[in-house]
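Single-structure report; data block below.
2 protein chains.
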Amino acid sequence: MSHHHPENDPKYIGLNVNAGIEKPDAVNAESVKRFLKRGRRQILSPDEYFNGIISGNISILSQAVTLIESNKPEHQKVAQEIIIKCLPRAGKSIRLGITGVPGAGKSTFIESLGKLITGSGGKLAVLAIDPSSERSKGSILGDKTRMEELSSDPNAYIRPSPSAGSLGGVARKTREIIVLCEAAGFGTIFIETVGVGQSETVVHSMVDFFLLLQIAGAGDELQGIKRGIMEMADTIVINKADGDNYEKAQLAAAQFRSALHLFPPTGSGWSPPVMTCSALENTGVQQIWNTVNEYVTLTKENNFFQSRRNDQAKYWMYETINETLRNNFYHNHQVRGRLPHYEKLVLTNGMSSFIAAHELLESYFKSVGNE
Amino acid sequence: MSHHHPENDPKYIGLNVNAGIEKPDAVNAESVKRFLKRGRRQILSPDEYFNGIISGNISILSQAVTLIESNKPEHQKVAQEIIIKCLPRAGKSIRLGITGVPGAGKSTFIESLGKLITGSGGKLAVLAIDPSSERSKGSILGDKTRMEELSSDPNAYIRPSPSAGSLGGVARKTREIIVLCEAAGFGTIFIETVGVGQSETVVHSMVDFFLLLQIAGAGDELQGIKRGIMEMADTIVINKADGDNYEKAQLAAAQFRSALHLFPPTGSGWSPPVMTCSALENTGVQQIWNTVNEYVTLTKENNFFQSRRNDQAKYWMYETINETLRNNFYHNHQVRGRLPHYEKLVLTNGMSSFIAAHELLESYFKSVGNE
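Quick note, the sequences are listed as chains S and D, same order. One gets our numbering by counting positions in the first sequence from 1 and adding 449 to each. One gets our numbering by counting positions in the second sequence from 1 and adding 449 to each.
Okay, here's the thing in structure tokens:
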């Protein structure tokens, strides 16, 4: 392993950037592959990464994140060592999940709220979980280029979604990236996601506060939002409350308020408020940040904050176990060969779901025992 | 195996009852145990059960259900053979899930709607999934005694929740009981549950239509209802719309209507209506039954009905597999010994959730391979 500092090495320039400014093409799995193909295999020692991270070196943080995102065993090994070193320094940030349909103005909102945080001296990391990465290997925060001011803000670190692997894998990597960002001194972490599919549930399971961004519309503003998300929100924000849209936004807020009223109380003792803002005109954004801080104060006092984090840590341990058990089963050669046949039997009432399951399990455990 | 008809055998009297009238103490796991302890081990052949069931013999149906509920391997073996025989004759009923907080008047509602069905010549089976069975081995439909008329109705078969085992196990058994009831010619099947915990999700996963029963209250009528249930409902019914409560019920219905309006559309092309009724006075109940039938007509036309059933059959196959994989893991000797240690490490930031999971998985697969 090389012990020189990579940010001084021209070989790393394609992979890393300074002060949190990253080019979209430099940060996804493709870049890892390119990095490897070009023979840029020099990796620092875990201690060097750790020291770089805790001293706030964004370039080294970025490289460590790239190792987390890589699926190469040798990268994973170093990544896990870095994470173990960082863990005792992690956990001190406020983790804020932000979800909303495309068109709700997430990028502008993140830029507006983000600049408010960095403007008062806070350090902000913006991560993302992209449900489309599962299918298309594409990347959101394609609209990252719209966060122009935040992108060039030395107190902000913007990182798109890890693009490789299952949603579970992406979630795990994002959780690990949070650890590194916290060790690097980022006091606020945004995790952005589009409110479709399962990704918002995943984000909800790793944040302290879950913010649902909405806009007023013709009654069908929720078309793209999955059922159940509204009930996970710690606050609903109606964005674009400006100009001709101001009154409509207030009306939408009132509607959401009366809907939330029908929901059962949350476990936190917190009643999710419905707020309006204009991220474009920077109105209402300070109030939203105050609300987040009120929530943190309340839930730290009543211990819900820590208990939610504990539940999440346990959840992710169990979820990793369960996902691995499932993967081992469904990727098993015996199972893969038989599954279509059994599924067909079940669908044609030729066999009960239960018997089909047990015959498949039997062949699986036989083959695992014989390995 | 005995080949005489057990309903004529005095040895069976403690276990079975005629015409669907069952004593609460005769139908749970305790009765199975007693049945076994008293040496009443005579079981019919699968063919005899099958023939009895399809000829509509309620007594034989009840015994077969008791075999499904039993965890004895020899009972399970016969039960599975009966189910396989019944499967080709299953699937022709309308499966209706009914959930609501205690106090919403579920029993009265089931009695009122049920009598409407049997009154027009339909055969109705009322099953239940009881979340408390997991913890206390108690049984709901304790208020079954309140369904006085339905209990003595020869066209109705009322069976409390299987009380043994995990929620997953109870769910599986209930699905199997549905198969038997359908083979016995029951054209409508109610599955009742209290809207707390996970049981309503389980019920939702095995019915064609999911009905949420509510009452008007002081704004906190949803206190007992888990977040997310409202979005699963195919209709919301405000019960007890009678006397002084009539206006309040209409107001509550209007509130629910405007809340549902904010939800995204369902996959079925169906807009869940909010209705009011008085089960006590039998008003509005016919309209609810009409609504169920409209739903069935719509979703059979647009194929959502069959596609929901197919999804459910697959879901239960995969759920059985996943639950078994999890059980094998968490009951593994190696895992049980180490789990508390790893959980503690994860909670104190001594280890990442991911590493803890993988170390536990490693010791599990080692021990499975060595078995």
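Using N, Cα and C, we set each Cβ at its ideal position, and we do this for glycine too.
- Residue 577(D) is bridged by DSSP to 641(D).
- Per DSSP, residue 655(S) is not a residue of any beta strand (DSSP E), being assigned neither H nor E.
- Residues of chain D with a Cβ closer than 9 angstroms to the Cβ of residue 763(S) are, in chain order, 792, 795, 796 and 802.
- The residues 628, 631 and 632, in chain order, have a CB closer than 6 angstroms to that of residue 539(D) in the same chain once the five nearest residues on each side in sequence are set aside.
- For the stretch 613 to 633 of chain D, the set of positions with a beta-carbon nearer than 8 angstroms to some beta-carbon of chain S reads 621, 624, 625 and 628 in chain order.
- Taking a Cβ-Cβ threshold of 8 angstroms, the residues of chain D close to residue 773(S) are 806, 807 and 810, in chain order.
- Every beta strand (DSSP E) of 3 residues or more that sits fully in the stretch 665 to 743 of chain S is shown, in chain order, as 684 to 688 and 723 to 725.
- Beta-bridge partners of residue 769(D) (DSSP): none assigned.
- In this model, residue 562(D) and residue 735(D) are separated by some 8 angstroms (Cα to Cα).
- Scanning its chain for C-beta atoms nearer than 6 angstroms, with the 5 sequence neighbours on each side dropped, one finds around residue 642(D) the residues 548, 578, 648, 649 and 652, in chain order.
- Chain-ordered listing is empty here: chain D has no CB closer than 8 angstroms to the CB of residue 748(S), the nearest sitting near 17 angstroms.
- Taking a cut-off of 8 angstroms on C-beta distances, the stretch 777 to 791 of chain D does not touch the stretch 722 to 739 of chain S, as fewer than three cross pairs fall below it.
- Excluding five sequence positions before and after residue 656(D), the CB atoms of its chain that fall closer than 7 angstroms to its own CB belong to 544, 545, 546 and 640, given in chain order.
- Beta-bridge partners assigned by DSSP to residue 548(D): 642(D) and 661(D).
- About 7 angstroms separates the CB atoms of residue 721(D) and residue 685(D); that is less than 8 angstroms, so the two are in contact.
- Looking at the DSSP output, residue 764(S) shares a beta bridge with no other residue.
- Fewer than three pairs of CB atoms, one per stretch, sit closer than 8 angstroms, so the stretch 790 to 809 of chain D makes no contact with the stretch 801 to 813 of chain S.
- Within the stretch 521 to 552 of chain D, the residues whose Cβ lies closer than 8 angstroms to some Cβ of chain S are 529, 532, 533, 536, 537, 539 and 540, listed in chain order.
- Neighbours of residue 734(D) in chain S, taken as residues whose beta carbon is under 7 angstroms from its own, are absent, since the nearest beta carbon is some 24 angstroms off.
- Annotation for residue 513(D): the continuous alpha helix (DSSP H) segment containing it runs 507 to 518.
- Between the beta-carbon of residue 608(S) and that of residue 514(S) there is about 6 angstroms, and that keeps the pair under the 8 angstroms contact cut.
- By alpha-carbon distance to residue 635(D), the top candidate from 507(D), 694(D) and 621(D) is 507(D).
- Close to residue 770(S), with beta-carbon spacing below 7 angstroms, are these residues of chain D in chain order: 778, 806, 809 and 810.
- Residue 621(D) counts as buried, since no fewer than 16 other beta carbons sit within 10 angstroms of its beta carbon.
- Rounded to the nearest whole angstrom, the C-alpha separation of residue 567(D) and residue 638(D) is 12 angstroms.
- Counting only Cβ-Cβ distances below 8 angstroms, residue 661(S) has no contacts in chain D at all, with the closest Cβ about 12 angstroms away.
- Under the Cβ criterion of 9 angstroms, residue 641(S) is not counted among the residues facing chain D.
- Counting along the chain, the unbroken alpha helix (DSSP H) around residue 627(D) starts and ends at 616 to 632.
- Under the criterion of beta carbons closer than 8 angstroms, residue 701(S) and residue 665(S) qualify as touching, at roughly 4 angstroms.
- Counting C-beta atoms within 10 angstroms of its own C-beta, residue 663(D) has 16 or more neighbours from the protein chains shown and is therefore classed as buried.
- Boundaries of the alpha helix (DSSP H) harbouring residue 502(S): 495 to 503, taken from the DSSP string.
- Any Cβ of chain S closer than 9 angstroms to the Cβ of residue 724(D) would place that residue at the interface, and such an atom is absent.
- For the 9 angstroms CB-CB criterion, residue 623(S) and residue 728(S) do not form a contact.
- A straight-line Cα-Cα distance of about 11 angstroms links residue 604(S) and residue 598(S).
- For residue 559(D), the enclosing alpha helix (DSSP H) starts and ends at 555 to 568.
- Taking a Cβ-Cβ threshold of 8 angstroms, the residues of chain D close to residue 817(S) are 814, 817 and 818, in chain order.
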